[in-house]
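Per UniProt numbering, residue 1 is the first one in the sequence shown, and the count goes up by one each step.
Every residue gets a Cβ at the ideal spot worked out from N, C-alpha and C, and that includes glycine.
Here the structure comes first, spelled out in structure tokens, and everything after it is commentary.
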Amino acid sequence: MSFDMEKTHLQCRECKKKYKPTFKYICDECFGPLDVHYDLPTLTKDSFTNREQTYWRYFELLPINDKSNIVSINAGMTPLVRAEKLGKKIGLSNLYIKNDSVNPTFSFKDRPAGVAISKAKEFGLSSVGCASTGNLASATAAHAAKANFPCYVFAPSDIEHAKIAQALSYGAQYIAVDGTYDDANRIAAQVGDSKGVGIVNINMRSYYVEGSKTLAYEVAEQLNWQVPDQLVVPTGSGAMLNAICK
Ligand SMILES: [Zn+2]
């Protein structure tokens, strides 16, 4: 099956059923998660020279059709720093550290949040949110502000307010859920699906995860398109590791 005019399609990870890229994230047949697949154009390393210094330089490898839908706060192309002293200490002669803490909201979450919100705009949605506190809430709120979308951050009612202060400073609304993080996730999913709100890490998740892989593209490009022998990736949920493997 092919879909004209679209550069991607969605495919169920479990039963492999294909779908047009629409606002959905779960397979109708088996409830499996949907992944983005690309009809890739021919690209060489020269394709990316002289492009903007953000992760949107890899536009062909991201799931947005129309560049006018890009919501960018100039994240990405963060420094790859050679760590000579640390390398010497642990016996590695070519150790590099990718410093994603210098992204606009200070974490790598600007990558997935930006892609998810750009896709929400492409779908014609008009509000976004996330179930999270901390880095993801900040990244979602900053991109929502850029897009002029209201942003809803779902989190337990008993969190420390400091965790969410940065997101609120970008104009997000805190939806305090009486319960655990799992409860906040569930409420966010219900509100997202029933009200058409793009919840970046739930109903926009298929697109959200596509943003994280840009970190690996940057590392390769910054090493003059040499792929490192080994990558050490910090894991919280493991989502980053999964995306890097793409
Ligand atoms: Zn399926």
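Are residue i and residue j touching if we call contact CB-CB under 8 Å?
i: residue 87; j: residue 95; result: yes
i: residue 153; j: residue 165; result: no
i: residue 34; j: residue 12; result: yes
i: residue 149; j: residue 215; result: no
i: residue 206; j: residue 25; result: yes
i: residue 138; j: residue 105; result: yes
i: residue 163; j: residue 134; result: yes
Report the three-state DSSP secondary structure of residue i (helix, strand or coil).
i: residue 97; result: strand
i: residue 61; result: helix
i: residue 144; result: helix
i: residue 119; result: helix
i: residue 80; result: strand
i: residue 90; result: helix
i: residue 164; result: helix
i: residue 110; result: helix
i: residue 46; result: helix
i: residue 211; result: helix
i: residue 38; result: strand
i: residue 19; result: strand
i: residue 228; result: coil
i: residue 1; result: Note that residue 1 has pLDDT 43, beneath the 50 cutoff, so the model's placement of it is unreliable and no number is given.
i: residue 10; result: strand
i: residue 139; result: helix
i: residue 71; result: coil
i: residue 128; result: strand
i: residue 200; result: coil
i: residue 153; result: strand
Considering only C-alpha positions, which residue in the set the options is nearest to residue i?
i: residue 70; options: 53, 39, 122; result: 122
i: residue 217; options: 231, 129, 190; result: 231
i: residue 159; options: 90, 146, 176; result: 176
i: residue 151; options: 188, 229, 103, 7; result: 188
i: residue 52; options: 77, 60, 63; result: 77
i: residue 198; options: 46, 124, 6, 120; result: 120
i: residue 136; options: 148, 103, 126; result: 103
i: residue 220; options: 45, 41, 84; result: 45
i: residue 129; options: 195, 226, 90, 108; result: 195
i: residue 67; options: 91, 32, 7, 109; result: 7
i: residue 224; options: 17, 48, 41; result: 48
i: residue 209; options: 179, 36, 32; result: 36
i: residue 41; options: 27, 63, 32, 28; result: 63
i: residue 251; options: 192, 127, 100, 183; result: The question about residue 251 has no answer here: the residues shown for the chain are numbered 1 through 246.
i: residue 229; options: 39, 92, 110; result: 92
i: residue 155; options: 183, 146, 147; result: 183
i: residue 65; options: 85, 32, 90, 118; result: 118
i: residue 110; options: 185, 30, 146, 179; result: 146
i: residue 43; options: 56, 29, 61; result: 61
i: residue 127; options: 31, 192, 50; result: 192
i: residue 178; options: 38, 55, 89, 157; result: 157
i: residue 38; options: 190, 226, 9; result: 9
- request: Within the segment 166–194, note down every full beta strand (DSSP E) run reaching 3 residues or more, in order along the chain.
  value: 173–177
query: Does the segment 185–202 come close enough to the segment 8–21 to have 3 or more Cβ pairs within less than 8 Å?
result: no
- request: State whether the segment 142–152 contacts the segment 162–180, with contact taken as three or more CB pairs (one from each stretch) at a distance under 8 Å.
  value: yes
query: So does the segment 72–79 actually touch the segment 110–128, counting three or more Cβ pairs closer than 8 Å?
result: yes
task: Quick one: residues with CB closer than 6 Å to any heavy atom of ligand 2, in chain order, please.
output: Ligand 2 is not part of this structure, which contains only ligand 1.
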